[in-house]
Amino acid sequence: MKRKVLILAIMCLSSLILLNLLMACSSPPGPVPPGENEITDQLGRTVNFTPSPQRIISLAPSNTEILFALGLADRVVAVTDYCNYPPEAEEKPSIGGFSTPNIEEIIALSPDLILATSIHEKKIIPQLEARGITVFALDPKTIDEVLTAITLTGRVTGVEETASGMVSRLQLRIQAVTGRTESLPPEQRPATLYILWHDPLMTAGSGTLQNELMEQAGGTNIGRDIADYGDISLETVIAANPEVIIAGTGHGTGGDATFKFAQTETRLRDTLARQQGQVYAIDSDLTSRGGPRIVDGLEQLAAFINREIFR
Amino acid sequence: MALSPPLPEQLPSSGGRQMPLYSIIGMAILLAVAAVLATTVGSVPISPLTTFSIIADKLPLVDIAPSWSSAIGTIIMEIRLPRVILAGLVGAALATAGATYQGLFRNPLADPYLIGVAQGASLGAVIGFLLPISWHVTSFGIIPLLAFSGALASTAVVYLIARVGKTLPVTTLILAGVALGALLGSIVSYLIISSGDKLHSIIFWLMGSFSLSQWSEVTIVFPYVAVGTAVILIFARMLNVMQLDEEQAQQLGINVERLKIVLLAAATLITAASVSFVGTIGFVGIIIPHAVRLVWGADHRFLLPLSVLTGAIFMILADLVARTILAPAEIPIGVITAICGAPFFLYLLRRRKKAIF
Amino acid sequence: MIKIEMRHISLGYDDKEVLEDVHLQAMPGEMVGLIGPNGSGKSTIIRALSHVIHPRSGQILLDGEDISRIRKRDLARLVGVVPQMPLLPSTFTAFEIVLMGRNPHLGLFQQEGPADREIAWQAMGKTSTQALANRRINELSGGEIQCLLIARVLTQQTKAILLDEPTANLDIGRQVEILYLIKQLCTENNLTVLAALHDLNLAAQYCNRLVLINNGRIYADGTPAEVITEPNIREVYGAENCVHTHPVNGLPIVLLDSNHRSARRAGV
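Chains as they are written, first to last, in this note's numbering: chain A, 2 to 312; chain B, 20 to 376; chain C, 107 to 374.
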């Protein structure tokens, strides 16, 4: 008797699970708008898009900066709460936060193109696509990929020429820095610490934008053994004795807390950076946002790390 | 009957005098070893000889010519040593508080966070993280003070809710604590979701961490933990008698209400002091007393001091693992305590299958 | 030696009155039995006398001093209690439970010494429980536990002893042994003893005085012969024709006849 009940229970449970799976799989994707063009975005998705979209929504501050830099301000109908550059972007209506955009408000604005990032991949993008909205995702992880992102955005919005012009100019500026740093031998690449946050002490390791910027700027990132973003122990920092400490500031309400930490933490007093007064603050938007200002970040970092070379 | 009463050491592990006495001495020695080990080992390799020299040099009347760089000296004296000491203090505090709560409530599931101390401290800390003020009067900032206030405030609220006239019924206290804890916990959850870029810091704090421990923190935590633990140890025998029901305890001469308040206050104080500086490290407060009970029995005169020592050792070693296993990155210590502690406890349970409560 | 006195005592739980305007006295060297039907308030009186519950009105005096003014530890040295069905944790051995009886005599920083252990051991000897010393509580029978509780109260060395159904789980031999022991201590050491008993015959045999409680009031107070009478038993318990005289010592004896139906009184 007990056995029968058990078998019955298992059968019920399995059919319930099966039913759930079937329901999930069988929801058809929304109708794809007729578009002559297909393009692969930076999440590997093949996107059909209409040429020259006029109602663009950006779901990330980096995307907003790219759009405005390409002169598409008039075509942007909404941005996020965190899109603060350029200043004109703050006047645009907002559809919510970075990882929490409001789907209803997005739909109500009838966009014909949405620029998203990897954060939105799992939940937001499927929901938008199911309603037939074109979503294009940018996810640059290196400087080169940032330039690619600008190029792709130019293509998908129909301003390829403007985009390629901007990319060329940026490449020139990048070359102006790397031309002088790529030949530097290791002993002339100062040990550098980038402080993402001070409590816990976090830095940017290999595979991050900040890491590449530091290396391209002619420094040696003491956190390069850490994968991606991670916590670093104070011990390791002291033992590595950085010559340059750069504090990323401006994180929302964090203000310049990281900079204060870098300047005042007593246990860092013996590091070369503190002894020589090479403790700097940089607007973290310049080093973390995958947009045109990444080159501003590179230039500032170069000036901090190798001040002899870059006056 | 010409027999004599059972000698202390003949009584089975629920209280033979001499075996636990040797054990206390043994654990104290083990604590010293663990502390030394944790100070010499870290993400930056430093030889034991150098470590001892650095510490010895600081002792009065001892002067050793420095053969180490000032960076190494800073690491030992200002990073590792305060960190190890703080870990020991907090481990001892949480284990002792846990044992006390379990004895007071006569409940094996009691832990130091039962009546809302952790949730109150968390709320205070999260508010501190989200407020746009930074305070540089103390070197450890505003978070510990807000956390401590939160812990004390929530305990006071629970006490006022649970009090009936002049008595403090134990079941009401637990219910009030769990209810308030749930309420505060949900507020904390909401604040976390809306915390934006502070998320990582807050989660890190909630899971507990000894990174960035400094001497200034040790000097504040030490008196609270020392005094509170001393008070609890004094009442160890009475805690034994409290294992009978409250009526019998009173009939055997114990002022039950006063004892409850004193022990609750002491245990809550040492928990609040620890949590405020280090975050809510889970697991230690409930499992260490049980493990001690499994091995040495339930007589509080030995359970309590052994919990102090075992808790300290455990926390020091857990912190050592947390900061070395994935060096230079650090794992939150709450993860380590759970991963290391649970299987160990299961193993102990299987070895000794007798009742521990 | 102390004299226990209850004056104008009203006792109750929440809004339920259990006892009303009760007068009670127990003198040193006297063994007083509290008898009465179930729920009549015998346990309540014991608990009030050990100050575990507080009376609504009236005074409880020990040698003329109000019990609420006596410190808990001093009270525990004067009055010892054998509770009815107490909770005993199984993490302690029988000996350790008995040894807890020494608690009122130990200061905050004192621990039990050899003298204390000897006292506990002797107490266990008197109650024939020494063989149980190293056993855990959850291994023992109800009767063995009851004897341990009595050993504990002996270890407490108080001037008065209150017992709540001390022989409920004991076999005949043990019942006699325990009550004889208590009676002996009572008379030899001039202790004041109050025992709640449901067995009327035991009460009659061992107690100097009996107090019969019914419906929240003292129904009768006197020697066994005065209290255990046909009219009283019929009135309080509703049982007929059962009081006889013990052939050897002349004390009243209650014998039941299965042929007689007892008339249950409403509300009793």
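Just so it is clear, CB atoms sit at the ideal spot from N, CA and C, and this is done for glycine as well.
Item checked: Any chain C beta carbon closer than 7 Å to Glu-266/B -> yes
Checklist line | Where Thr-233/C falls: helix, strand or coil (DSSP) | finding: coil
Next item on the list: With a 10 Å radius around its C-beta and 16 neighbouring C-beta atoms as the bar for buried, classify Asp-338/B as buried or exposed.
Entry: buried
Next item on the list: Specify, as a first and last residue, the run of the alpha helix (DSSP H) that Asp-145/A falls within.
Entry: 144 to 158
Item checked: Near-chain B residues of the stretch 212 to 241 of chain A - C-beta to any C-beta below 8 Å -> Gly-224, Asp-226, Ile-227, Gly-231, Asp-232, Ile-233, Ser-234, Leu-235, Glu-236, Thr-237, Ile-239, Ala-240
Margin query: For the beta strand (DSSP E) containing Glu-161/A, name the first residue and the last one.
Written below: Looking at the DSSP string, Glu-161/A is not in any beta strand (DSSP E); the run it does join, the alpha helix (DSSP H), is 161 to 182.
Notebook entry, point to check: How is the alpha helix (DSSP H) around Phe-260/A delimited, first residue to last?
Noted result: 258 to 265
Check: Are the C-beta atoms of Val-158/C and some chain B residue less than 7 Å apart?
Finding: yes
Note to self: Counting only C-beta atoms, is Leu-271/B closer than 7 Å to chain C at any point?
What the structure shows: yes
Item checked: Within chain B, partners of Asp-271/A - CB distance below 7 Å -> Ser-89, Ala-90, Thr-93
Checklist line | Buried/exposed call for Val-124/C, threshold 16 Cβ in 10 Å | finding: buried
Note to self: Determine, for Ala-166/B, whether the minimum Cβ-Cβ distance to residues of chain A falls below 7 Å.
What the structure shows: no
Notebook entry, point to check: Counting contacts by CB-CB distance shorter than 7 Å, is Ala-266/C in contact with chain B?
Noted result: no
Checklist line | Cβ-based contacts, 7 Å cut-off: residues of the stretch 295 to 319 of chain B near chain A | finding: none
Next item on the list: For Arg-242/C, write down the residues that DSSP places opposite it in a beta bridge.
Entry: Thr-199/C
Next item on the list: Please check the pair Ala-205/A and Pro-243/A, which I expect to be a contact at CB under 8 Å, by giving their CB distance rounded to whole angstroms.
Entry: Not quite, the Cβ-Cβ distance comes to about 14 Å (not below 8 Å), so this is no contact.
Check: If you measure from the beta carbon of Arg-268/A to each beta carbon in chain B, is any gap under 7 Å?
Finding: yes
Margin query: So for His-211/C, helix, strand or coil by DSSP?
Written below: helix
Check: So which of Phe-215/C, Ile-166/C, Ala-266/C, Pro-189/C has the shortest CA-CA distance to Arg-320/B?
Finding: Phe-215/C
Checklist line | Straight-line Cα distance separating Ile-83/B from Ser-72/B | finding: 7 Å
Item checked: Counted within 10 angstroms of its Cβ, other Cβ atoms place Tyr-286/C as buried (16 or more) or exposed -> exposed
Next item on the list: Decide if Met-230/C is buried, meaning its Cβ has at least 16 other Cβ atoms within 10 Å, or exposed.
Entry: buried
Item checked: Length of the line joining the Cα atoms of Asp-120/C and Ala-326/C -> 27 Å
Check: Among the residues of its own chain, which have a CB less than 6 Å from the CB of Ala-226/C, if the five just before and after it don't count?
Finding: Val-204, Leu-205, Thr-261
Next item on the list: Indicate whether at least one CB of chain B lies closer than 7 Å to the CB of Asn-209/C.
Entry: yes
Check: What is the DSSP secondary structure of Asn-391/C, reduced to helix, strand or coil?
Finding: Summary: the structure shown does not reach residue 391/C, with chain C confined to residues 107 through 374, and so no result is reported for it.
Item checked: Members of the stretch 180 to 194 of chain C that neighbour chain B once the beta carbon cut-off is set at 9 Å -> Asp-180, Leu-181, Ala-182, Arg-183, Val-185, Gly-186, Val-187, Pro-189, Pro-192, Leu-193, Leu-194
Next item on the list: Can you say whether Gln-262/B is buried or exposed, counting buried as having 16 or more other CB atoms within 10 angstroms of its CB?
Entry: buried
Next item on the list: Can you give me the Cβ contacts of Pro-35/A inside the same chain, cut-off strictly under 6 Å, excluding the 5 residues immediately before and after it?
Entry: Model confidence at Pro-35/A stands at a pLDDT of 45, short of 50, so the residue's coordinates are unreliable; what they give is reported in the following sentence. Taken in chain order, the list of residues that qualify is empty.
Checklist line | Contact list for Phe-229/B against chain A, beta-carbon separation under 7 Å | finding: Those do not exist, as Phe-229/B stays about 11 Å from chain A at its closest Cβ, beyond 7 Å.
Check: Just the Cα atoms here: how many angstroms apart are Asn-49/A and Glu-216/A?
Finding: 37 Å
Note to self: What would DSSP say about Ala-284/B, mapped onto helix, strand or coil?
What the structure shows: helix
Notebook entry, point to check: For the putative contact between Leu-105/B and Ser-232/B, defined by C-beta atoms under 8 Å, what is the C-beta separation to the nearest angstrom?
Noted result: 5 Å
Margin query: If distances are taken between C-alpha atoms only, which option among Ser-15/A, Ala-90/A, Ile-125/A comes closest to Asn-64/A?
Written below: Ala-90/A
Check: Do the CB positions of Asp-270/C and Gln-190/C come within less than 7 Å of each other?
Finding: yes
Check: Going along chain A in order, which residues have a C-beta closer than 8 Å to the C-beta of Ser-220/B?
Finding: Trp-198, Asp-200, Pro-201
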